[in-house]
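Enquirer: If you're matching positions, the sequence shown starts at 18 in the working numbering and goes up one per residue. Even glycine gets a Cβ: it sits at the ideal position worked out from N, Cα and C. The structure follows.
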Amino acid sequence: MTDDSTSVFEAGQTGLVVRIPEAEPVVRAWRERLDPSAHDGVPAHVTVLFPFLDESRVDEHVHSALADLLGRHQAFDLRFEKCGRFPDVLYLVPEPDTRLRQLTQAVADRWPEAPPYGGRFAELVPHLTIAQGQEGVAPLEEIEADLAGGLPFTSRVSSVELMVHDGTGWQERASFALGEPSGS
Numbered sequence: 018m019t020d021d022s023t024s025v026f027e028a029g030q031t032g033l034v035v036r037i038p039e040a041e042p043v044v045r046a047w048r049e050r051l052d053p054s055a056h057d058g059v060p061a062h063v064t065v066l067f068p069f070l071d072e073s074r075v076d077e078h079v080h081s082a083l084a085d086l087l088g089r090h091q092a093f094d095l096r097f098e099k100c101g102r103f104p105d106v107l108y109l110v111p112e113p114d115t116r117l118r119q120l121t122q123a124v125a126d127r128w129p130e131a132p133p134y135g136g137r138f139a140e141l142v143p144h145l146t147i148a149q150g151q152e153g154v155a156p157l158e159e160i161e162a163d164l165a166g167g168l169p170f171t172s173r174v175s176s177v178e179l180m181v182h183d184g185t186g187w188q189e190r191a192s193f194a195l196g197e198p199s200g201s
């Protein structure tokens, strides 16, 4: 859920993520070594919104509003078949990313006081972080070559998880189901 290697997690921070369990066998070893959020207990995921509201503000009203808002969005599939890069970050590219962008926009519109990544970026790029803060290109090329054998894979996104940092690690506090298409 971080956007750079200098981020420090604080007790009470929250984030909304979609778990990508199918990614775990492919990325776990690299994430455990090179992704600070993995060290703190965050599973392979694509961030919907981070940071979200401080935990002290996440009450039953917020839970109800999230359930209603997210339930209006249908479940969908993502395919991961290639890597992408930001400066010093290697990630898996979720395709198509339109529904992820819609989820982020819907939550950010409902809670404008919680802009994605604190409003630090003009454009948001949905991604599954594998490694960040790596100096030079060679380590990222090595990781990318290693990952190629596990790609492509598909993941069904049917819920959004609320994660909370308790001061030592991230814990899932709630899961909000996305709607199912008619006839499912």
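1. Mind checking which residues open and close the beta strand (DSSP E) that includes residue 70?
2. Using the C-alpha atoms, what's the distance from residue 180 back to residue 60?
3. Taking DSSP's pairing of strands, which residues face residue 36 in a bridge?
4. Would you mind listing the beta strand (DSSP E) stretches within the segment 63-151 that are 3+ residues and don't spill past its ends, in chain order?
5. Please name the residue in 42, 57, 166, 175 whose C-alpha comes closest to that of residue 184.
6. With distances taken between CB atoms, is the gap from residue 36 to residue 62 smaller than 8 Å?
7. Determine the direct distance from the alpha carbon of residue 198 to that of residue 91, and round the result to whole angstroms.
8. Compare the Cα-Cα distances from residue 125 to each of 52, 141, 93 and report the closest residue.
9. Relative to the alpha-carbon of residue 32, which residue among 71, 145, 195, 123 has its alpha-carbon at the smallest distance?
10. For residue 179, which three-state DSSP category applies?
11. Under a Cβ-count criterion, where at least 16 other Cβ atoms within 10 Å of its own Cβ denotes burial, should residue 94 be classed as buried or exposed?
12. Compare the beta carbon distance of residue 157 and residue 87 with 8 Å and say whether it is the shorter of the two.
13. When you compare only the Cα positions, how much space is there between residue 84 and residue 99?
14. Find the nearest neighbour of residue 151 within the set 48, 30, 25, 27, judged by alpha-carbon distance.
15. Between 40, 29, 27, which lies nearest to residue 170 when the distance is taken from Cα to Cα?
16. Using DSSP bridges, identify the partner residues of residue 194.
Expert: Taking the structure as given:
1. Within the sequence shown, the letter at position 53 stands for residue 70. Taken as a continuous stretch (DSSP letters only), residue 70 belongs to no beta strand (DSSP E), as it is neither H nor E.
2. Along the sequence shown, read from residue 1 onward, the residue named residue 60 stands at position 43. Along the sequence shown, read from residue 1 onward, the residue named residue 180 stands at position 163. Going from the Cα of residue 60 to the Cα of residue 180 covers about 10 Å.
3. Residue numbering aside, residue 36 sits at position 19 when the sequence shown is read from its first letter. In DSSP, residue 36 forms a bridge with 62.
4. 93-103, 106-112, 145-149
5. The residue you call residue 184 lines up with position 167 of the sequence shown. Closest option to residue 184, Cα to Cα, is 57.
6. Locating residue 36 in the sequence shown gives position 19, counting from the first residue. Locating residue 62 in the sequence shown gives position 45, counting from the first residue. Yes, they are a contact pair.
7. Within the sequence shown, numbered from 1, the residue matching residue 91 stands at position 74. Within the sequence shown, numbered from 1, the residue matching residue 198 stands at position 181. Their backbone Cα atoms lie some 6 Å apart in a straight line.
8. Here residue 125 refers to the residue found at position 108 of the sequence shown. The shortest C-alpha separation from residue 125 is found at 141.
9. The residue labelled residue 32 in the question sits at position 15 within the sequence shown. Residue 71 is the option with its Cα nearest to residue 32.
10. The count along the sequence shown starts at 1 and reaches residue 179 at position 162. Of the three classes helix, strand and coil, the one that applies to residue 179 here is strand, per DSSP.
11. By 1-based counting over the sequence shown, the position of residue 94 is 77. Exposed is the call here.
12. In the sequence shown, the residue the question calls residue 157 occupies position 140. In the sequence shown, the residue the question calls residue 87 occupies position 70. Their beta carbons are not under 8 Å apart, which means residue 157 does not touch residue 87 by this criterion.
13. Within the sequence shown, the letter at position 67 stands for residue 84. Within the sequence shown, the letter at position 82 stands for residue 99. Residue 84 and residue 99: Cα-Cα distance of roughly 32 Å.
14. Here the question's residue 151 lines up with position 134 in the sequence shown. It is 48 whose Cα lies nearest to the Cα of residue 151.
15. Here the question's residue 170 lines up with position 153 in the sequence shown. Selected option, being the one with the closest Cα: 40.
16. By one-based count along the sequence shown, residue 194 stands at place 177. According to DSSP, residue 194 bridges with 176.
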